[in-house]
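Undergrad: Okay, here's the structure, questions in a sec.
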Amino acid sequence: MKNSRLIIFASLVFACILLVQFNLIHILYKLLGQAKADLKQAKANQVKSQTIVSSPKSQQEMISDSTNQVTNFVKTFSNQPTSTYPDNLKGLASQKVINELTQTFAPSVTFSDKANYDVPLVGLKNAWESNLEYLVVAKNDTQSVAYTITYDTDEKQVTDMSRLTLKGAFDNEK
């Protein structure tokens, strides 16, 4: 009788140990999966960094494409009625920027059907980040408007913008 109690007790202890071990294995598998995901992300970042450093030509092409996208974005919203922004700017800018333009920027600037805005100046602030910052001036015969625009090269769209006041060479508003 004493041996059977000892065997039952030992079996319960062994069962508890197995239960704890199975639980630890499950936790370790989750940690392994997270570590693999982190390693994959780190390798992708390393490859991207090496590509930028080893091939400035690809970086120049990306900046050129981004500058063209920003120029296209400014020309599109400067020469279109506000009501068409949600359709015409989709894909060029984030929804936040489209809403901001519709509610804030457009009413403060005269965009008439006769006004045709050119973009004579697109200046890049920092060429080595994934969020490129631009200074853009849109100009027509009667006024000039300046913006700071943030372009996300990963999402390939404008993610932030603000209007600036102009002083000096481009200040022809009367």
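If you read the sequence shown in our numbering, its first letter stands for residue 88, the second for the next number, and so on.
C-beta atoms are modelled at their ideal positions from N, C-alpha and C, and glycine is treated no differently.
Measuring alpha carbon to alpha carbon, tell me which residue in 247, 112 and 110 is nearest residue 180.
TA: Nearest C-alpha to residue 180 among 247, 112 and 110: 247.
Undergrad: Roughly how many angstroms lie between the CA atoms of residue 147 and residue 154, to the nearest whole one?
TA: 10 Å
Undergrad: Can you tell me which of the three DSSP states residue 213 falls into?
TA: coil
Undergrad: Shortest alpha-carbon distance to residue 150 belongs to which of 250, 239 and 251?
TA: 239
Undergrad: When the Cα atoms are used, what is the spatial distance from residue 163 to residue 227?
TA: 14 Å
Undergrad: Distance, Cα to Cα, residue 243 vs residue 105?
TA: Rounded to the nearest angstrom, the two C-alpha atoms are 52 Å apart.
Undergrad: Apart from the five residues on each side of it in sequence, which residues of its chain come closer than 6 Å, Cβ to Cβ, to residue 218?
TA: 237 and 239
Undergrad: For residue 112, verify whether its CB is less than 8 Å away from any heavy atom of the ligand PLP.
TA: Inclusion of the ligand PLP in the displayed structure is not the case, the ligand content being empty and no account of it being possible.
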